[in-house]
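Q: One structure is given below, represented as structure tokens, and several questions about it will come after.
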Amino acid sequence: MNTLFEPATVGMELDQALACHLGDVPAQASQGLRDTLGAMAQACARISEIASQGVLAGAHGLAERSNSQGEAQKNLDVIAEELISMALARCRHVAGWASEEQEQAQVSDDHGTQGRYLVVYDPLDGSSNIEANISIGTIFSILPHPYRGTTPGEMGFMQPGHQQIAAGYVLYGPATLMVLTCRRGVLVLTLDRTSLYGAGPARWVVAQDQVRIPAATREFAINTSNQRFWEKPIQRYVAECVAGDAGPRMKDFNMRWVASMVAEVHRIMTRGGVFMYPRDSREPRKPGRLRLMYEAAPMALLVEQAGGRAVNGTSELMDLVPDTLHQRVPVILGSRDEIDRIVGYHADPHENVSWQLFKTRSLFVQPQA
Ligand code: AFP
Numbered sequence: 001m002n003t004l005f006e007p008a009t010v011g012m013e014l015d016q017a018l019a020c021h022l023g024d025v026p027a028q029a030s031q032g033l034r035d036t037l038g039a040m041a042q043a044c045a046r047i048s049e050i051a052s053q054g055v056l057a058g059a060h061g062l063a064e065r066s067n068s069q070g071e072a073q074k075n076l077d078v079i080a081e082e083l084i085s086m087a088l089a090r091c092r093h094v095a096g097w098a099s100e101e102q103e104q105a106q107v108s109d110d111h112g113t114q115g116r117y118l119v120v121y122d123p124l125d126g127s128s129n130i131e132a133n134i135s136i137g138t139i140f141s142i143l144p145h146p147y148r149g150t151t152p153g154e155m156g157f158m159q160p161g162h163q164q165i166a167a168g169y170v171l172y173g174p175a176t177l178m179v180l181t182c183r184r185g186v187l188v189l190t191l192d193r194t195s196l197y198g199a200g201p202a203r204w205v206v207a208q209d210q211v212r213i214p215a216a217t218r219e220f221a222i223n224t225s226n227q228r229f230w231e232k233p234i235q236r237y238v239a240e241c242v243a244g245d246a247g248p249r250m251k252d253f254n255m256r257w258v259a260s261m262v263a264e265v266h267r268i269m270t271r272g273g274v275f276m277y278p279r280d281s282r283e284p285r286k287p288g289r290l291r292l293m294y295e296a297a298p299m300a301l302l303v304e305q306a307g308g309r310a311v312n313g314t315s316e317l318m319d320l321v322p323d324t325l326h327q328r329v330p331v332i333l334g335s336r337d338e339i340d341r342i343v344g345y346h347a348d349p350h351e352n353v354s355w356q357l358f359k360t361r362s363l364f365v366q367p368q369a
């Protein structure tokens, strides 16, 4: 993990570390955000406990229903959704929430008008990996309730990523980690699993603070089985990486694809890299696979807070104003130098003529003797 220095919060528990990060925020607002993040943290600790029990906790297999997107739900999707929505319903600072698993936004029965925050989340990202025992995660975003005193309608959720007050993910891997930001740098906390079996709340302990993503990298992540459907700038960028030191980049690259966005982003947080789920021509009306509000935007805030960049190819992801809760977008994020290059390719007015040159004249491949 790239940290600039060993900050004072390392070794602190979640609420104490948040108090440090939010030292400049008025106490009432600070306490509201701390309580809300604390509620999310406790729900995710429970998800971790169940996920780590696998079939023994009924966490595998398909549920007998589909989500609002018509996607088959896994048992753990349903369990995670119920744990998080119940935790948010009990939190007096949360006016409403929206989930990948629910078509409509939910309004809190008790705090719908006075709650400060709206929470948007993907309760379990990477579900196709559950039975394969590959890392999965939860992604969440905290927005201001724009019309306090009234109950939040769906329009209240339609805020660009720049409006986020906080964002985070929980990675259920060999260790369970929570990575979050309140716009004052990126914290990494480790779940102390021994606390799950005590009488008190789960303990999250700061392992790193002020994480920095290296600007340069030689590692990229994309599902290359979709290569023939990509737009030219992505085809060019990936082909140049694959060409390695024999191609225009004149250096070799490494590729990864876990099919779990949370795991990919966390690898980037630890050593840099590029993650791409670009638009492709399979379904021209579908601008991408990933959701703006509860996947792209929270990850964009985290990546940018750690010094990286997050775009859709031509615009910063956090500038995009959602039209609908479940809107999809292309996602390209990670080490800033590489994202800058990819944005440059998208802006290339000559349709990548230089790349065509490499392909046809093999400038970098020595002719066979
Ligand atoms: P699931 O939650 O359906 O497994 O999707 C995970 C995801 O949204 C994201 O976490 C991955 O990066 C991406 O989809 C993987 O998509 P492919 O299966 O098309 O590679």
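If you count the sequence shown from 1, position 241 lands on 241 in the working numbering, and the numbers rise without skipping. Built from N, CA and C at the ideal position, the CB exists for glycine as well. Just so we're clear, the structure is a prediction, and the values are computed from it rather than from any experiment.
1) Can you list the alpha helix (DSSP H) stretches of 4 or more residues lying completely in the region 210-275, in chain order?
2) What's the C-alpha gap between K74 and S225?
3) Taking the continuous alpha helix (DSSP H) assigned at P298, which residues delimit it?
4) I'd like to know whether the C-beta atoms of R328 and P284 end up nearer to each other than 8 Å.
5) If you reduce the DSSP assignment to three classes, tell me which class S141 lands in.
6) Would you say the beta carbon of D125 comes nearer than 7 Å to a heavy atom of the ligand AFP?
7) Helix, strand or coil: how does DSSP classify Y172 here?
8) For the ligand AFP, is there any heavy atom lying closer than 7 Å to the beta carbon of E240?
9) So for I50, helix, strand or coil by DSSP?
10) Go through its chain and collect everything with a Cβ distance to F229's Cβ below 8 Å, but skip five positions before and after it.
11) Would P322 and L292 be called neighbours here (beta carbons separated by less than 8 Å)?
12) Can you grab the Cα-Cα spacing for the pair F253 / P7, in whole Å?
13) If you follow the alpha helix (DSSP H) that Y197 is part of, which residue opens it and which one closes it?
14) How many Å lie between W97 and M250 at the Cα?
15) Just verifying my parser: in three-state terms, what is the DSSP assignment at Y117?
16) Between which two residues does the alpha helix (DSSP H) holding I79 run?
17) Between L118, E240, L76 and D35, which has its C-alpha nearest R341's C-alpha?
18) Tell me which residue opens and which closes the alpha helix (DSSP H) that L18 is part of.
19) At which residues does the beta strand (DSSP E) containing V331 begin and terminate?
20) Given a cut-off of 8 Å, decide if E295 and R256 are closer than it, judged by their beta-carbon atoms.
21) Nearest to S30 by CA position, among L88, A80, L76 and R116, is which residue?
22) Just reading off the beta strand (DSSP E) that G96 is part of, what are its end residues?
23) Rank L14, I50 and L320 by C-alpha distance to the C-alpha of D35 and give the top, closest one.
24) Go ahead and label L56 buried or exposed: buried means 16 or more other beta carbons lie within 10 angstroms of its beta carbon, across all protein chains shown.
25) Should the region 141-150 be called in touch with the region 123-131, which here means at least 3 C-beta pairs below 8 Å?
26) Under DSSP, the alpha helix (DSSP H) around M318 begins and ends at which residues?
27) By Cβ distance below 8 Å, which residues in the same chain neighbour L177 in space, the five residues on each side in sequence not counted?
28) Which same chain residues, not among the five before or five after H21, have their C-beta less than 8 Å away from its C-beta?
29) With which residues is R372 paired in a DSSP beta bridge?
30) Go through its chain and collect everything with a Cβ distance to C91's Cβ below 7 Å, but skip five positions before and after it.
31) Alpha carbon to alpha carbon, how far is K232 from M12? Give it in angstroms, no decimals.
32) Less than 7 Å between the CB of Y277 and some heavy atom of the ligand GTP, yes or no?
33) Take A17 and list the residues in its own chain whose beta-carbon comes closer than 8 Å to its own, dropping the five residues that flank it on each side.
34) Going by beta carbon distance, what residues of the same chain come within less than 6 Å of D110, once the five residues before and after it are set aside?
35) Quick one: does the C-beta of M299 sit closer than 7 Å to a heavy atom of the ligand AFP?
36) Using alpha carbons as the reference points, say which of M158, L302 and G149 lies closest to I268.
A: With the structure as the only source:
1) 232-243 and 261-271
2) The count along the sequence shown starts at 1 and reaches residue 74 at position 74. The count along the sequence shown starts at 1 and reaches residue 225 at position 225. Roughly 24 Å separates the two Cα atoms.
3) Along the sequence shown, one-based indexing puts residue 298 at 298. It spans A297 to Q305 - the alpha helix (DSSP H) in which P298 sits, taken as one unbroken run.
4) Counting from one through the sequence shown, the residue named residue 328 turns up at place 328. Counting from one through the sequence shown, the residue named residue 284 turns up at place 284. Cβ atoms of R328 and P284: not closer than 8 Å.
5) Taking the sequence shown and counting its residues from 1, one reaches residue 141 at position 141. Shown here, S141 sits in a strand according to DSSP, grouped into three states.
6) Residue 125 sits at position 125 when you count from the first residue of the sequence shown. Under cutoff, so the answer is yes.
7) What you label residue 172 is simply residue 172 of the sequence shown in a count that begins at 1. Looking at Y172 - three-state DSSP - the assignment turns out to be strand.
8) If you number the sequence shown from 1, residue 240 lands on position 240. No.
9) In the sequence shown, counting from the first residue as 1, residue 50 sits at position 50. Three-state DSSP puts I50 in a helix.
10) Mapped onto the sequence shown, residue 229 falls at position 229. Closer than 8 Å at Cβ, skipping near neighbours: D280, S281 and R282.
11) As a position in the sequence shown, residue 322 is number 322, starting the count at 1. As a position in the sequence shown, residue 292 is number 292, starting the count at 1. Result yes, Cβ atoms of P322 and L292 sit closer than 8 Å.
12) By one-based count along the sequence shown, residue 253 stands at place 253. By one-based count along the sequence shown, residue 7 stands at place 7. Their Cα atoms are separated by approximately 32 Å.
13) Against the sequence shown, residue 197 aligns to sequence position 197. Boundaries cannot be given for Y197, as no alpha helix (DSSP H) includes it and DSSP labels it neither H nor E.
14) For the purposes of this step, residue 97 is taken as residue 97 along the sequence shown, with counting starting at 1. For the purposes of this step, residue 250 is taken as residue 250 along the sequence shown, with counting starting at 1. Spanning the two alpha carbons is a distance of roughly 48 Å.
15) Start at 1 with the first residue of the sequence shown, and residue 117 comes out as number 117. It is a strand residue.
16) The count along the sequence shown starts at 1 and reaches residue 79 at position 79. Element bounds for I79: N75 to R90.
17) Position 341 of the sequence shown, counted from the first residue, corresponds to residue 341. Of the candidates L118, E240, L76 and D35, E240 places its Cα closest to the Cα of R341.
18) As a first step, residue 18 is located in the sequence shown; it is residue number 18 there, counting from the start. Taken as a continuous stretch (DSSP letters only), the alpha helix (DSSP H) holding L18 covers L14 to H21.
19) Along the sequence shown, read from residue 1 onward, the residue named residue 331 stands at position 331. Start and end: V331 to G334.
20) The residue labelled residue 256 in the question sits at position 256 within the sequence shown. The residue labelled residue 295 in the question sits at position 295 within the sequence shown. No, the Cβ-Cβ distance between R256 and E295 is not below 8 Å.
21) By one-based count along the sequence shown, residue 30 stands at place 30. Closest option to S30, Cα to Cα, is R116.
22) Reading the sequence shown from its first residue, position 96 is the one you call residue 96. First-last of the beta strand (DSSP E) with G96: V94 to S99.
23) Translated into the one-based positions of the sequence shown, residue 35 becomes position 35. Comparing Cα positions, the closest option is L14.
24) Residue numbering aside, residue 56 sits at position 56 when the sequence shown is read from its first letter. L56 is exposed by the Cβ-count criterion.
25) Verdict: no, contact absent.
26) The count along the sequence shown starts at 1 and reaches residue 318 at position 318. Note, M318: premise wrong, no alpha helix (DSSP H); not H, not E.
27) Here residue 177 is taken as the residue at index 177 of the sequence shown, counted from 1. These residues qualify, in order along the chain: V170, L171, V188, L189, T190, L191, A207 and H266.
28) In the sequence shown, the residue the question calls residue 21 occupies position 21. Excluding positions up to five away in sequence, the list reads T9, C182, R184, G185 and L187.
29) Lying outside 1 to 369, the shown extent of the chain, residue 372 is not represented and no answer is given.
30) Here residue 91 refers to the residue found at position 91 of the sequence shown. Contacts found: D35, T36 and A39.
31) On the sequence shown, residue 12 is found 12 positions in, with the first residue counted as 1. On the sequence shown, residue 232 is found 232 positions in, with the first residue counted as 1. When rounded, the distance between both Cα atoms is 47 Å.
32) Of the ligands one can find in the structure shown, namely the ligand AFP, none is the ligand GTP.
33) Counted from its first residue, the sequence shown places residue 17 at position 17. These residues qualify, in order along the chain: T9, L187, L189, V206 and D209.
34) The residue given as residue 110 occupies position 110 in the sequence shown. The answer is none, since no qualifying residue turns up.
35) The count along the sequence shown starts at 1 and reaches residue 299 at position 299. No, since every heavy atom of the ligand AFP falls outside the 7 Å radius drawn around the Cβ of M299.
36) Here residue 268 corresponds to residue number 268 of the sequence shown, with the count starting at 1. Cα-wise, what sits closest to I268 is L302.
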